[in-house]
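So for the sequence shown, this note's numbering puts the first residue at 1; every next one is plus one. Notes follow the structure.
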Amino acid sequence: MDKNDLMKYLVEEAECSESEVAEMTNTELLDHWLEYNGICGYTEDIKEVIEAAFDVDLED
């Protein structure tokens, strides 16, 4: 999945509007995907674990 696939998923599956999705930050895209899949309130924790495990910076 790339960013465009994620955006398309949020519009088609999570019923977000295209304009709303187009304005979302990367963190907001992740947060909406997580929430749609039943994972609420853990976005920042998940980002921190990914940053540590993969030695990457996930800032928007």
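Just so you know, even glycine gets a beta-carbon here, dropped at the ideal spot from N, CA and C.
Does DSSP put residue i in a helix, in a strand, or in coil?
{"i": "E28", "result": "helix"}
{"i": "S17", "result": "coil"}
{"i": "V11", "result": "helix"}
{"i": "E59", "result": "coil"}
One question on the structure: do residue i and residue j come within less than 8 Å of each other, judged by their Cβ atoms?
{"i": "D60", "j": "N26", "result": "yes"}
{"i": "K30", "j": "M7", "result": "Here the sequence assigns Leu to residue 30, which means Lys is not the residue at that position. Their beta carbons are not under 8 Å apart, which means L30 does not touch M7 by this criterion."}
Along the chain, where does the alpha helix (DSSP H) containing residue i start, and where does it finish?
{"i": "D45", "result": "43-54"}
Go through its chain and collect everything with a Cβ distance to residue i's Cβ below 7 Å, but skip five positions before and after it.
{"i": "A14", "result": "H32, Y36"}
For the ligand FAD, is there a heavy atom less than 7 Å away from the beta-carbon of residue i?
{"i": "Y36", "result": "Among the ligands in the structure shown, none appear at all, so the ligand FAD cannot be discussed."}
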